[in-house]
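Peer 1: From first to last, the protein sequence lines stand for chains A and B. Per the UniProt record's numbering, the very first residue in the first sequence carries number 1; after that it's consecutive. Per the UniProt record's numbering, the very first residue in the second sequence carries number 1; after that it's consecutive. Cβ coordinates follow ideal geometry from the N, Cα and C atoms, glycine included. Note that the structure is a prediction, hence the values are computed from the model and not measured.
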Amino acid sequence: MAMLEVRDIDLAYGPIRAVTGVSIRVEQGEVVAIVGANGAGKSTLLKSIAGLLPLSGGSIHFEDADISTLPAHRRVGAGIALSPEGRQVFPDQTVRDNLELGAWSRRLNVGDLAAAVEQKYTLFPRLRERQGQMAMTLSGGEQQMLAIARALMGAPRLLLLDEPSLGLAPLVIRDIFLTIRKLRAAGMTVLLVEQMANLALGIADRAYVLETGRVTLSGTGAELLQHPQVRAAYLGH
Amino acid sequence: MLATWLQALVSGLAIGGVYALIALSFSITFTTTKTLNFSQGEFIGVGAFLGVAVLYLLSGQDEGAALAPGASAGFNYPLAAIAVGAAVGVIGILLFITAVRPFAGKPGMSWVMSTIGFGIILQSIGLAIWGPAPVNLPSPFGDDVIRIAGAGVRPQEILVLVVAIVLMIGLDLLLRRTRMGKAMRAVANNPSVAALMGINVSAVMIGAFALSSALAGIGGLLVAPIASASIFMGLGIALKAFSGAIVGGLDNPRGCIFGGFALGLLEASVALWQAQWREIVIFLLIILVLAIRPQGLFGARTLDKV
Ligand SMILES: Nc1ncnc2c1ncn2[C@@H]1O[C@H](COP(=O)(O)OP(=O)(O)OP(=O)(O)O)[C@@H](O)[C@H]1O
Ligand SMILES: [Mg+2]
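(1) Would you give the residue range spanned by the beta strand (DSSP E) that A18 (chain A) belongs to?
(2) Can M153 (chain A) and L191 (chain A) be called in contact, C-beta distance under 7 Å?
(3) Starting from F298 (chain B), follow its DSSP beta bridges and name the residues at the other end.
(4) Identify the contact partners of G198 (chain B) in chain A, using a Cβ-Cβ distance below 7 Å as the criterion.
(5) According to DSSP, T94 (chain A) sits in a beta bridge with which residue or residues?
(6) Between T20 (chain A) and ligand 1, is the CB less than 6 Å from at least one heavy atom?
(7) Leaving aside the five residues before and after K305 (chain B) along the sequence, list all residues of the same chain whose C-beta is less than 8 Å from its C-beta, in chain order.
(8) What's the C-alpha gap between P71 (chain A) and P170 (chain A)?
(9) For A216 (chain B), I'd like the list of residues in its chain whose CB is within less than 7 Å of its CB, leaving aside the five on either flank, ordered along the chain.
(10) What is the rounded straight-line gap between the Cα of M205 (chain B) and the Cα of L167 (chain B)?
(11) Rank B:L95, B:L9 and B:P69 by C-alpha distance to the C-alpha of A262 (chain B) and give the top, closest one.
(12) For ligand 1, I want to know if N38 (chain A) counts as a neighbour, meaning its beta carbon is within less than 6 Å of at least one of the ligand's heavy atoms.
(13) What is the DSSP secondary structure of L21 (chain B), counted as helix, strand or coil?
(14) Taking 6 Å as the cut-off, is the beta-carbon of G41 (chain A) closer than that to any non-hydrogen atom of ligand 1?
(15) Tell me the DSSP secondary structure of R293 (chain B) in three-state form.
(16) Assess contact between the region 237-253 of chain B and the region 100-118 of chain B, defined as three or more Cβ pairs (one per stretch) separated by less than 8 Å. Is contact present?
(17) Return the bridge partner residues of F62 (chain A) from the DSSP annotation.
(18) Could you give the DSSP three-state label for D62 (chain B): helix, strand or coil?
(19) Should I82 (chain B) go down as buried or exposed, given a rule of 16 or more other Cβ atoms within 10 Å for buried?
(20) Which of the three DSSP states is assigned to L303 (chain B) in this structure?
(21) With a Cβ-Cβ cutoff of 7 Å, do A204 (chain A) and L235 (chain A) count as a contact?
(22) Taking 7 Å as the CB-CB limit, is T44 (chain A) close to chain B?
(23) Does the beta-carbon of N38 (chain A) have 16 or more other beta-carbons within 10 angstroms, so that it is buried, or is it exposed?
(24) Please list, in chain order, the chain A residues whose beta carbon lies closer than 8 Å to that of S186 (chain B).
(25) Does the beta carbon of L217 (chain A) sit closer than 7 Å to a beta carbon anywhere in chain B?
(26) Would you decide whether S230 (chain B) is buried or exposed? Buried here means 16 or more other CB atoms lie within 10 Å of its CB.
(27) Under 7 Å, do R7 (chain A) and G79 (chain A) count as touching if we go by C-beta distance?
(28) To the nearest whole angstrom, what separates the beta carbons of V31 (chain A) and I180 (chain A), a pair I think is in contact under 8 Å?
(29) Using the rule of at least 16 other Cβ atoms within 10 Å of the residue's Cβ for burial, across every protein chain shown, is T69 (chain A) buried or exposed?
(30) Output needed for L52 (chain A): all residues of its chain with C-beta closer than 6 Å, excluding positions within five of it in sequence on either side, in chain order.
(31) Over what stretch of residues does the alpha helix (DSSP H) that includes S219 (chain A) continue unbroken?
(32) On a CA-only basis, which of A:I176, A:E211 and A:L210 is nearest L199 (chain A)? Give me that one, please.
(33) Please determine whether the Cβ atom of residue 238 (chain A) lies at a distance below 6 Å from any heavy atom of ligand 1.
(34) Please list, in chain order, the chain A residues whose beta carbon lies closer than 7 Å to that of S192 (chain B).
(35) According to DSSP, simplified to helix, strand and coil, what is G152 (chain B)?
(36) Determine the DSSP secondary structure at G74 (chain B), reduced to helix, strand or coil.
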């Protein structure tokens, strides 16, 4: 069975339907992308996988367990971490404190916690330089690195990334995507939501296209890059 | 002249310490849950009466007579403080579950009414058990006035100030230095993202209400020996403390502490001049401060953004 299986889920904000009958699957070690226009329901889908939004229908399975009703704060411990859209770092806490909070569910002792932080600094050396700084004083790119590093502090087996390129300069975006490749090489499984369809499809093993809350296309990253519908709608060709 | 000023300074600091403590207790629930316990005043009164009840038990005295001056001596008073903190903390959890959680995070301000209602129920129960009359809660250090540079200072005033400061420093360290405090601040800042870290947000909110309520209860036990301790005494204190919190900035714990002390000192110095003008001057000043800085002196957000 796949590492993550989302089966026919419906999601709503009160009376407003955001996602209808979506099924996706992520295999161990894959990078899977979800692309789609503004308001398609990409973030909503990731939030429900992270447990922030209750299902109105369907079910979510992770590593053979039905996690449909598992509360958000227990999904990190189960192995799923989300780096949310718009970074959402804790602005009035330092870089190091943000990272330490990411490991809350692991209940590490002081030594192991410091080692885990150190490991993230190796991945993002910029964060080490800024470790004593309040998160709100970081640049957008640094905040994005912090958000990803903070999610990794939970030692997830499945990393959910919501629009890591949002509002960043091309060079910074390249860095972030290089990091995603490094993580994949180290064995991490990634579910990536991106509006930059070319970048996302370029890195993804497989991908899904989401339109107004439904999956309309799926295939390998390479297939979708060539797909006329995708090229017209998301790649501007 | 110097002696009177010194005396006013000490009593201003003592009552200011209580205001600061209660102001901080408002801030604790406000920052973590965006709600306030509007029955904090009743919690103060109930804290004082529970303290009296515990002291009767500890000193083995008969309930018929007023507490003997020695009833608070030795370990009795600190033990009473722990018992009151625990008991009122539990009442706070009850308040959160019944009157706050059903409404928190939803539009509207139903929790204002429900917490006031909870306080009225609590007060009625208190009245049924203890009656409306003030009780005597002896200070652990007696009532003999100490002379400092000619000023008469009551030992309890010093005790109130010291305990309030120790508690506030402890809380400040808790919030800033410990993992628990950092998690509380994360919940305050963004509950959903805090949950993504694995933090049990409702547990933290329950803890915040327990802590806030325990502070109110202990505050009651602290002021009872210098005020006349009736079941109604908390209302005025809570109102002043709330004003102090608003003036200092409800979302800034240190601002709240400042606001509480400022109010206590102001109250004591205006009282030196004209006691009957005290409340008028204080509330005019509060209105003036808020007209200039609606978010309070050290607050970051305005209240209506809640
Ligand atoms: N908190 C909310 N309350 C009500 N409706 C919401 C809420 N969040 C999102 N929606 C609605 O749900 C739909 C899907 O939103 P979602 O944020 O998942 O889109 P998205 O694909 O992530 O878009 P973007 O690329 O702009 O981030 C949209 O119609 C949006 O208006
Ligand atoms: Mg989105």
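Peer 2: Straight from the coordinates:
(1) It spans I16 to V26 - the beta strand (DSSP E) in which A18 (chain A) sits, taken as one unbroken run.
(2) Cβ atoms of M153 (chain A) and L191 (chain A): not closer than 7 Å.
(3) Partner(s): none; F298 (chain B) has no beta bridge.
(4) Chain A residues near G198 (chain B): H73, V76, G77, W104, S105 and G154.
(5) As DSSP reads the structure, T94 (chain A) sits in a beta bridge with A:M134.
(6) Relative to ligand 1, the beta carbon of T20 (chain A) is positioned no closer than 6 Å to any heavy atom.
(7) Note that K305 (chain B) has pLDDT 37, beneath the 50 cutoff, so the model's placement of it is unreliable and the number below is only indicative. Counting only Cβ-Cβ distances below 8 Å, and skipping sequence neighbours, we find nothing.
(8) Approximately 36 Å between the Cα atoms of the pair.
(9) Cβ within range, chain order: I22, S25, Q40, F43, I44, G47 and V88.
(10) Cα to Cα, the separation comes out at about 20 Å.
(11) Per the Cα distances, B:L9.
(12) Ligand 1 has a heavy atom closer than 6 Å to the beta-carbon of N38 (chain A).
(13) L21 (chain B) falls in the helix class under three-state DSSP.
(14) Yes, ligand 1 has a heavy atom inside 6 Å of this Cβ.
(15) Secondary structure of R293 (chain B) (DSSP, three-state): coil.
(16) Flag = no, the region 237-253 of chain B and the region 100-118 of chain B do not touch.
(17) In the DSSP output, where bridge partners are listed per residue, F62 (chain A) has A:L4 and A:A65.
(18) Coil, per DSSP.
(19) I82 (chain B) is classed as exposed because its beta carbon has fewer than 16 other beta carbons within 10 Å across all chains shown.
(20) Unreliable positioning characterises L303 (chain B) in this predicted model, as indicated by a pLDDT of 42, which lies under 50. The coordinate reading is nonetheless provided below. Of the three classes helix, strand and coil, the one that applies to L303 (chain B) here is helix, per DSSP.
(21) Not a contact, by the Cβ cut-off of 7 Å.
(22) Judged by the 7 Å Cβ criterion, T44 (chain A) is not in contact with chain B.
(23) Exposed: under 16 other Cβ atoms inside 10 Å.
(24) With the sequence shown as reference, residue 186 (chain B) is identified as Ala, and Ser is not the correct amino acid for it. Going along chain A in sequence order, the residues near A186 (chain B) (Cβ under 8 Å) are F90, Q93 and L101.
(25) For L217 (chain A), no Cβ of chain B is located within less than 7 Å of the residue's own Cβ.
(26) Label assigned to S230 (chain B): buried.
(27) Taking 7 Å as the Cβ cut-off, R7 (chain A) and G79 (chain A) do not qualify as a contacting pair.
(28) About 7 Å separates the two Cβ atoms, so the contact holds.
(29) So T69 (chain A) ends up on the exposed side.
(30) Excluding positions up to five away in sequence, the list reads A72.
(31) Ser is not the amino acid found at residue 219 (chain A); the sequence shown has Gly there. Looking at the DSSP string, G219 (chain A) is not in any alpha helix (DSSP H); the run it does join, the beta strand (DSSP E), is R214 to T220.
(32) For the set A:I176, A:E211 and A:L210, the Cα lying nearest the Cα of L199 (chain A) is the one of A:I176.
(33) The structure shown does not extend to residue 238 (chain A), since chain A spans only 1 to 237, so no value can be given for it.
(34) Simply L52.
(35) Shown here, G152 (chain B) sits in a strand according to DSSP, grouped into three states.
(36) DSSP, read as helix, strand or coil, puts G74 (chain B) in coil.
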